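Heads up, the sequence shown is in my numbering, so the first residue is -18 and it goes up one at a time.
Here's the structure we're looking at; comments come further down.
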Amino acid sequence: MKAHIFDMDGLLIDSEPFWRAAEIKVFSSLGIPFNEEMCRQTVGMRIDEVVNYWNNELALNMPIHSTANNIVDELISLVKRDGIALPGVYATLENLKANDRKIALASSSQMRIIEEVTEKLNIQDFFSVLHSAEFEKYGKPSPDVFLTTAKKLGVSPMECVVYEDSKNGMRAGIAAKMKTIIIPEFPEPHLSWHDEADIKWSSLEKFSLELSET
């Protein structure tokens, strides 16, 4: 393996609670009764696709662009105020850097969120590529964001390891034919879809370069 590609939300930063809070606040302001369980149905999807998903599911007509931007604005304010790295993040990135591996970040989040998060956590210098699914025709579970990232890194998809926390992200990694490690936001109880990944860890504190690459 030559490259390690990381998702961001729920993997590097505990931002999934921020996403849920932002979605509930914005959707509720539009008169939509929204709750955390509904938020979990769309984890790993691009935010414009989330808005479109609920338009279809609930027969709504929310403006996709402005609603998505309002959610992102609220999310960024929470990241700036309360964002912290999840356990094992710094040690993992330092290990990969020390072993001369290529490191990238490929997220469903918009680039402005990626830039805010990497700056907040002070991890931007670890990554040679930052890529957002906003620049792809399809978001996760489509493999597009990972395939483009591999191309930017100059490596074959089969030379990449993907780290993900969500089902949509995991399936995107598998579809890209990359080794896929799942570190679910809710590691217990075990869910059947976790078995689709090559490896499951409870957190990045379990990181092993040898295990990740064999």
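Where is the CB? At the ideal position from N, CA and C, for every residue including glycine.
Small disclaimer: the values here were computed from a predicted structure and weren't measured.
For this session: Could you please give me the residues that DSSP links to His46 through a beta bridge?
Result: Partner(s): none; His46 has no beta bridge.
Exercise. Where does Ser9 fall in DSSP's three states?
Worked result: Three-state result, Ser9: helix.
Problem set entry | Reduced DSSP secondary structure (H/G/I, E/B, other) of Val60 | Reduced to three states, the DSSP call for Val60 is helix.
Problem set entry | Nearest-angstrom Cβ-Cβ length linking Met43 and Val32, presumed shorter than 8 Å | Yes, Met43 and Val32 are in contact; Cβ-Cβ is about 6 Å, under 8 Å.
Exercise. On the three-state DSSP scale, how would you describe Val136?
Worked result: In the structure shown, Val136 sits in coil (DSSP, three-state: anything other than H, G, I, E or B).
Exercise. Is the distance from the Cβ of Lys61 to the Cβ of Ser89 below 8 Å?
Worked result: no
Problem set entry | Minimum C-alpha distance to Pro165 - residue among Ala(-16), Glu(-3), Met(-18) | Glu(-3)
Problem set entry | Spatially closest choice to Pro124 from Tyr144, Asp176, Ala156, Glu75, by CA coordinates | Ala156
Exercise. Do Pro138 and Lys118 have their C-beta atoms within less than 8 Å of each other?
Worked result: no
Exercise. What are the start and end residues of each continuous alpha helix (DSSP H) run of 4 or more residues lying completely inside the region 65 to 128, in chain order?
Worked result: Counting only runs of 4+ residues, the alpha helix (DSSP H) found wholly inside the region 65 to 128 occupies 70 to 79, 92 to 102, in chain order.
For this session: Could you round the C-beta distance between Ile(-14) and Val142 to whole angstroms and report it? I think they count as a contact, below 8 Å.
Result: 7 Å
For this session: Can you tell me which of the three DSSP states Glu145 falls into?
Result: In the structure shown, Glu145 falls within a strand segment according to DSSP collapsed to helix, strand and coil.
Exercise. CA-CA distance, Ser184 and Leu190?
Worked result: 14 Å
For this session: Let me know if Gln22 comes out buried or exposed under the rule of 16 or more other beta-carbons within 10 Å of its beta-carbon.
Result: exposed
For this session: Could I get the ranges of all uninterrupted beta strand (DSSP E) runs contained in the region 155 to 184, with 3 residues as the minimum, in chain order?
Result: 160 to 163
Exercise. Identify the residues that DSSP records as bridge partners of Ile(-6): which are they?
Worked result: The partner list for Ile(-6) (beta bridge, DSSP) reads Asp(-10), Ala66.
For this session: Measuring alpha carbon to alpha carbon, tell me which of Phe(-1), Ala153, Val7 ends up nearest Asp63.
Result: Of the candidates Phe(-1), Ala153, Val7, the one whose C-alpha sits nearest the C-alpha of Asp63 is Phe(-1).
For this session: Taking all protein chains shown into account, decide if Gly12 is buried (16 or more other Cβ within 10 angstroms of its Cβ) or exposed.
Result: exposed
For this session: Using three-state DSSP, classify Ala153 as helix, strand or coil.
Result: helix
Problem set entry | Spatial neighbours of Lys148 in its chain, beta-carbon cut-off 7 Å, leaving aside the 5 residues before and after | Gly25, Trp174
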